[in-house]
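Protein sequences appear in the order of chains E and W. Taking this note's numbering, the leading residue of the first sequence gets 1, the next gets one more, and so forth. Taking this note's numbering, the leading residue of the second sequence gets 1001, the next gets one more, and so forth. Quick notes on the structure that follows.
Protein chains: 2
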Amino acid sequence: MTEPSRREQILATAADLFAARGFHGVSVADLGAACGISGPALYKHFASKQAVLAEMLTSISERLLEVGRERVARADGDPAAALRGLVDWHVEFALGHRPLIIVQDRDWESLPEDAREQVRRLQRAYVGLWADQLRALSPGLDRPSARAAAQAAFGLLNSTPRAGHAIPDSALRELLSAMALGALGVAPAELQR
Amino acid sequence: MTEPSRREQILATAADLFAARGFHGVSVADLGAACGISGPALYKHFASKQAVLAEMLTSISERLLEVGRERVARADGDPAAALRGLVDWHVEFALGHRPLIIVQDRDWESLPEDAREQVRRLQRAYVGLWADQLRALSPGLDRPSARAAAQAAFGLLNSTPRAGHAIPDSALRELLSAMALGALGVAPAELQR
DNA sequence: ACATCAGGTTAACGATCATTAACCTGATGC
DNA sequence: GCATCAGGTTAATGATCGTTAACCTGATGT
């Protein structure tokens, strides 16, 4: 009972295909074929093509926020530690799920209205999580600037899935972490307490 | 003779529409209507819908590279100064042409094959421009990592056009410059020589 | 006066696509 | 043994879209 396999297979292959060719560049026939079934069989698992995208994007936004909150809690009041945790988590997720990251910020606007609203809410909360820590770190920072800074950091971290895989993931992970922390004005690694 | 007005109007409105709804989300009828003409009249100015996108993207890639080279030359051997010049230029362009930036990294793959190749070449050269300066600044840095760092910086700088305009452009400009320089490990403003 | 032509127009064509309809089939509970 | 039903199939439908065709019109150079 633990394997609604088809459904998950569809979500996974859809992520790959959407990432490679864009939401509008993939037909339901393409998507079906890539799953070994064909065309309209998808409608036995999802209400529409948009529903596939909607489930994909809401679930990753939820997960990003959920684990993000966990990392902040784990830092227990130290904003620099919280930001290091947030950066680590975001890098880990982005490198582990490159297609999802690509789809998330490319095909966002192809969502149906209600799902778009839901994703926007989740993303706003995630931005707020980062912005709060940034403001705790530098007291002079106003909220809009802190939010803008958080979004710029996401841009940095989300950009690399698109790029070539010319360097190994472990090196990329450290490069991105260091750059993000540098951008945010947080001192990088120190003592693991 | 200095005003091929319609053509430029089409390119400008196409940039806005493509940025808002994506290349596939805009029909030629939409685009024509937004220009005050309608539908197939576009084909008097462009060979195809893809050709509009192609001209848009190649011209901005060319301009980005051209001025980038100029800024590097102006720094005359000082890599930190060159990077400050590159960051300034990129921020200026990104904030001045937000729709173009959005289209450039969202609808890249909708280009016809030859234009895609041309844009890729121009972007590779632009990345190389940044990577060279980064390597001149920190001698231990290998080329692939330098290129990855440059692309991450673009991600940071290109992300903000998408975001809300909650803070004034002048503040955003300074925030982005500071973050980009921080990410790249370049000391921010000093003496204007 | 007139041929040319740039820059419009509307109508028609041919693809492509998401979605629905109608039908099949094998397992499963009773 | 049999009704149910999940999960497939192919065929049909209706819309949208890029592109082409055929036609119109006003300015312009000669």
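Idealized CB from N, CA, C, for every residue including glycine.
Starting from residue i, find everything on chain W with Cβ-Cβ shorter than 9 Å and list it in chain order.
{"i": "isoleucine 167 of chain E", "result": "Asp1142, Pro1144, Ser1145, Arg1147 and Ala1148"}
{"i": "glycine 185 of chain E", "result": "Ala1178, Met1179 and Gly1182"}
{"i": "glutamate 92 of chain E", "result": "Under the 9 Å cutoff, chain W gives no residues; its nearest Cβ is about 16 Å from glutamate 92 of chain E."}
Determine, using beta carbons only, whether residue i and residue j come nearer to each other than 8 Å.
{"i": "glutamine 1151 of chain W", "j": "proline 1079 of chain W", "result": "no"}
{"i": "phenylalanine 1046 of chain W", "j": "aspartate 1107 of chain W", "result": "no"}
{"i": "leucine 57 of chain E", "j": "valine 119 of chain E", "result": "yes"}
{"i": "leucine 1172 of chain W", "j": "leucine 1095 of chain W", "result": "yes"}
{"i": "leucine 1053 of chain W", "j": "leucine 1100 of chain W", "result": "no"}
{"i": "glycine 22 of chain E", "j": "glutamate 1113 of chain W", "result": "no"}
{"i": "histidine 97 of chain E", "j": "histidine 1024 of chain W", "result": "no"}
Output the distance between the C-alpha atoms of residue i and residue j, rounded to the nearest integer angstrom.
{"i": "proline 144 of chain E", "j": "alanine 1166 of chain W", "result": "6 Å"}
{"i": "alanine 149 of chain E", "j": "leucine 1175 of chain W", "result": "7 Å"}
{"i": "lysine 49 of chain E", "j": "phenylalanine 1093 of chain W", "result": "37 Å"}
{"i": "tyrosine 43 of chain E", "j": "isoleucine 37 of chain E", "result": "11 Å"}
{"i": "glutamate 62 of chain E", "j": "leucine 122 of chain E", "result": "7 Å"}
{"i": "arginine 116 of chain E", "j": "alanine 146 of chain E", "result": "23 Å"}
{"i": "glutamine 9 of chain E", "j": "arginine 1084 of chain W", "result": "47 Å"}
{"i": "methionine 1001 of chain W", "j": "leucine 1141 of chain W", "result": "Reliability of the predicted coordinates at methionine 1001 of chain W is poor, the pLDDT of 42 falling under 50, and the value obtained from them is presented with this limitation in mind. Approximately 50 Å between the Cα atoms of the pair."}
{"i": "alanine 153 of chain E", "j": "glycine 1155 of chain W", "result": "9 Å"}
{"i": "leucine 1011 of chain W", "j": "arginine 1162 of chain W", "result": "20 Å"}
{"i": "tyrosine 126 of chain E", "j": "glutamate 70 of chain E", "result": "12 Å"}
{"i": "valine 103 of chain E", "j": "proline 1188 of chain W", "result": "34 Å"}
{"i": "histidine 1090 of chain W", "j": "leucine 1065 of chain W", "result": "10 Å"}
{"i": "aspartate 30 of chain E", "j": "serine 1027 of chain W", "result": "23 Å"}
{"i": "aspartate 1169 of chain W", "j": "alanine 1075 of chain W", "result": "26 Å"}
Nearest CA to the CA of residue i: which residue from the options?
{"i": "tryptophan 130 of chain E", "options": "E/Arg6, E/Gly68 and E/Ile37", "result": "E/Gly68"}
{"i": "valine 72 of chain E", "options": "E/Ser59, E/Ile60 and E/Asp88", "result": "E/Asp88"}
{"i": "alanine 1034 of chain W", "options": "W/Ala1051, W/Ala1041, W/Thr1013 and W/Gly1025", "result": "W/Thr1013"}
{"i": "glutamate 1055 of chain W", "options": "W/Arg1135, W/Arg1007 and W/Gly1185", "result": "W/Arg1007"}
Along chain E, in chain order, which residues have C-beta atoms closer than 7 Å to that of residue i?
{"i": "serine 1048 of chain W", "result": "In chain order: nothing, as chain E lies at least about 17 Å away."}
{"i": "arginine 1106 of chain W", "result": "Arg106"}
{"i": "alanine 1163 of chain W", "result": "Ala148 and Gln151"}
{"i": "glutamate 1117 of chain W", "result": "Under the 7 Å cutoff, chain E gives no residues; its nearest Cβ is about 15 Å from glutamate 1117 of chain W."}
In chain E, which residues lie less than 8 Å from residue i when you measure between Cβ atoms?
{"i": "phenylalanine 1154 of chain W", "result": "Ser159"}
{"i": "leucine 1172 of chain W", "result": "Ala148"}
{"i": "leucine 1134 of chain W", "result": "What leucine 1134 of chain W touches in chain E: nothing, since even the nearest Cβ is about 11 Å away."}
{"i": "leucine 1175 of chain W", "result": "Ser145, Ala148, Ala149 and Ala152"}
{"i": "glutamate 1062 of chain W", "result": "In chain order: nothing, as chain E lies at least about 21 Å away."}
So residue i contacts chain W; which residues on that side make the cut at Cβ distance below 7 Å?
{"i": "glutamate 113 of chain E", "result": "Here the premise fails: no neighbours, minimum Cβ distance about 14 Å."}
*Of all the residues that make up the stretch 7-24 of chain E, which are near chain W by a beta-carbon distance shorter than 9 Å?*
Ala20, Arg21, Gly22, Phe23 and His24
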